[in-house]
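Take the sequence shown: its position 437, counting from 1, is numbered 439 in the numbering used here, and each next residue is one higher.
Ideal Cβ placement from N, Cα and C applies to all residues, glycine included.
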Amino acid sequence: MAHSFFRRSPRYRINHDADLTVTIDAGDGTGKLEAAELLDISDGGAKFKTRTPIEAKQFIAITIHAGEAREPIEVQGEVRWAADASENERQLGCAFTSPIRAEVLDGFAQVGVLDRRLNQRDPVSLAASAKWELQTQATPVKIVDYSAQGGFCLMSPFPARPGSRVELLINKAGREVLVRGEERWQCKSDEGHQIGCEFMTGQDAVRFAEVLSNCSSRGTVSGHAQLWLRQIAQARMLKAVTLLGKRRQVRRQLSIFTTVGVVLLIASVVFFQRWISPAEAPVMSSGTPIESSTPTVASSGSTPASSADERHDLPQRVTALSDDRHRERHPEGHRPQQSLEESFVAVESDESLPPPAGLTTTEFDSATPEEEKGSSQLAPESSVVESELLAAKAFRSGCLHYQSSEFHEALEDLKTAVDNAKSSPVYRYVLAMAQYQLEELGDAESNVHQAAEFEQLHPVANWGREMESFQGPARFWLEGARRRALANAESR
């Protein structure tokens with residue numbers, strides 16, 4: 003069942019350099035204890051890696067000893083999901099039958115076993131000038147690390163006032179970039195005062211990422227950090243374009259469509275005026291022949307006067323004539339330019355399309371697919387284009403939610419993308435990763451197999467580039483599941 007289980011407590015990463023011993027009793031009656039590796043933990047559950055063949059819905063007993071911790075963790079739990087991590091290892095997600103006491107977790111954190119930071123920190127070496135609020139003088143500081151979408155840590159010769167705000171001026175290619183932060187913690191060290199700050203706004207995080215991507219100390223930035231820089235810059239810029247630049251983009255594309263349409267219309271009028279005689283004028287769909295009084299261009303370049311009705315009917319005549327001349331290429335006829343523009347604006351601006359003629363909005367919303375198909379005035383190829391636009395938009399939104407660890411929201415958007423582009427393997431693969439994150443493993447496996455079937459028909463040209471922004475256990479699981487699904491699809 004969708005959303006039947008979700009985490010209520012934060013999970014903490016494990017310091018793998020710590021003295022830690024983990025054993026699991028698989029509950030098979032033998033009493034044999036199997037060694038395991040603890041990957042993360044919360045007061046209500048944990049994730050392990052083990053060589054023991056343990057399956058979902060199995061109850062196990064867990065014992066975790068830390069060298070200097072006063073009290074071990076001894077708890078029972080139910081395996082909620084299990085997946086192959088490699089040929090000989092499996093990953094397990096376990097929910098404890100009773101929560102771990104807070105003081106026990108505190109003891110593990112105090113001896114350095116747990117990392118309670120919400121975002122991973124990466125080292126960097128970057129000089130800057132810091133100006134704290136209520137101070138007039140700037141202080142030279144050194145940025146020593148930062149966290150993905152969180153903040154940064156700087157080394158300062160002077161302490162900071164608790165909760166105070168700081169403006170960092172960082173030199174980038176000869177110009178100074180302003181990044182703002184707010185003090186969250188500080189401690190004294192041999193080199194000065196370490197001060198941890200949180201980004202004031204998302205734009206500060208974007209500017210900091212841009213500085214790191216171009217700074218001279220790029221060699222000091224880890225591979226994980228460089229990946230994060232690309233991810234956060236792409237995600238923030240995409241969201242900015244989606245929220246701020248969509249109208250401008252629509253206007254630009256509509257102006258192109260309108261210009262092309264006008265040029266084609268004028269060219270068609272000139273062509274038919276010069277080369278089609280009145281005797282060759284075709285019959286319109288209503289059965290009325292086109293009149294022979296179509297205005298012609300005089301040798302002097304001026305157009306003879308015509309009535310307002312004739313000028314108004316000219317586009318319809320040209321459309322009917324062009325339909326008749328190449329019905330084999332356009333069996334459905336031409337769609338009016340205005341209808342195309344209205345459909346495009348409706349999709350791009352999140353406005354619903356008007357209901358078909360003869361139906362109220364309520365009747366249209368409740369219509370069956372057969373009624374919808376029979377009543378709609380939109381051409382079939384137009385519906386396909388609109389579905390692809392909706393799918394692409396939902397996919398972008400789902401990826402943003404996924405990168406922000408908002409997996410429930412990502413799941414809904416990605417389902418919308420798949421519903422509107424059912425044959426896209428990439429959309430289904432990312433949907434499967436979101437389902438994996440929510441521990442809906444059955445649905446995730448099913449979508450991977452379906453995506454592999456579609457990939458036989460529509461191969462993914464550059465898999466690494468398509469998936470470069472997705473990392474971690476879900477991507478690792480997807481690689482193995484996709485490999486097996488493709489092999490199974492090819493063997494059929």
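How long is the line joining the alpha carbons of V213 and A162, rounded to whole angstroms? 24 Å
Find the nearest neighbour of I43 within the set P125, D147 and I75, judged by alpha-carbon distance. I75
Here's the rule: buried if 16 or more other CB atoms are within 10 angstroms of the residue's CB, otherwise exposed. What is S100? exposed
Identify whether P142 lies in helix, strand or coil by the three-state DSSP scheme. strand
Do you know how far the Cα of N17 is from the Cα of A476? A476 and N17: Cα-Cα distance of roughly 21 Å.
Beta-ladder partner(s) of C401, from DSSP: Partner(s): none; C401 has no beta bridge.
Could you name each continuous alpha helix (DSSP H) segment of 4 residues or more that falls completely within the segment 58-100, going from the start of the chain to the end? none
If distances are taken between C-alpha atoms only, which option among A20, D19 and A37 comes closest to I26? A37
Got a sec? Which residues, its chain only, sit under 8 Å from E155 by beta carbon, not counting five neighbours each side? In the sequence as displayed, the identity of residue 155 is Cys instead of Glu. The answer, listed in chain order, is R123, I145, V146, D147, Y148, Q196, I197, G198 and C199.
Round the Cβ separation of A436 and A419 to the nearest angstrom and send it over; I've been treating them as touching at under 8 Å. Wrong, their Cβ atoms sit about 11 Å apart, outside the cutoff.
Output the boundary residues of the alpha helix (DSSP H) element that contains F409. F409 to N422
Endpoints, alpha helix (DSSP H) assigned at H451: L443 to L459
By DSSP's criteria, K49 is part of a beta bridge. Which residues make up the other side? D42 and G95
Determine the burial state of A412: buried for a count of at least 16 other Cβ atoms within 10 Å of its Cβ, exposed for fewer. The residue in question, A412, is buried, as its Cβ has 16 or more Cβ neighbours within 10 Å.
Could you name the residues of the same chain whose beta carbon sits closer than 8 Å to that of T141, not counting the 5 residues immediately before and after it, in chain order? S131, A132, K133, W134, S158, P159 and F160
What residue does the alpha helix (DSSP H) around E184 start on, and which one ends it? Looking at the DSSP string, E184 is not in any alpha helix (DSSP H); the run it does join, the beta strand (DSSP E), is R177 to S191.
Among the candidates V179, K190 and E193, whose CA atom is the shortest distance from the CA of Q205? The shortest C-alpha separation from Q205 is found at V179.
When you compare only the Cα positions, how much space is there between N90 and F201? 42 Å
Are the beta-carbon atoms of A434 and N422 separated by less than 7 Å? no
Separation of E185 from D192, as counted between CA atoms: Each residue's alpha carbon lies about 20 Å from the other.
Only counting the same chain, and skipping five residues up and downstream in sequence, which positions put a Cβ closer than 8 Å to that of K51? These residues qualify, in order along the chain: A38, E39, L41, A87, E91, R92, Q93 and L94.
Given a threshold of 16 other Cβ atoms within 10 Å of its Cβ, counted over all protein chains shown, does H460 qualify as buried or as exposed? exposed
Given K49, which residues of its chain have a CB within under 6 Å of its CB, disregarding the five upstream and five downstream residues? L41, D42 and G95
Quick check on A175: buried or exposed, where buried means 16 or more other Cβ atoms within 10 Å of its Cβ? Counting every other CB atom within 10 Å of its CB across the protein chains shown gives A175 a total below 16, marking it as exposed.
Rank S471, E414, V77 and E73 by C-alpha distance to the C-alpha of I64 and give the top, closest one. V77
If we call anything under 7 Å between Cβ atoms a contact, is V428 one with E468? yes
Classify L433 as helix, strand or coil using the three-state DSSP reduction. helix
Evaluate W479 with the Cβ neighbour count: other Cβ atoms within 10 Å of its Cβ, from every protein chain shown; 16 or more gives buried, anything less gives exposed. buried
Counting C-beta neighbours from all protein chains within 10 Å, is the total for D415 16 or more, i.e. buried, or is it exposed? When all chains shown are included, D415 counts as buried.
Element boundaries [beta strand (DSSP E), containing D19]: No beta strand (DSSP E) holds D19; DSSP gives it neither H nor E.
Less than 7 Å between the beta carbons of L488 and A454, yes or no? yes
Which one of K424, N490 and G109 has the shortest CA to CA distance from E73? For E73, the closest alpha carbon among the candidates K424, N490 and G109 is that of G109.
Suppose you measure from the CA of S270 to the CA of Q439; what does that come to, to the nearest Å? 56 Å
For S406, three-class secondary structure by DSSP: coil
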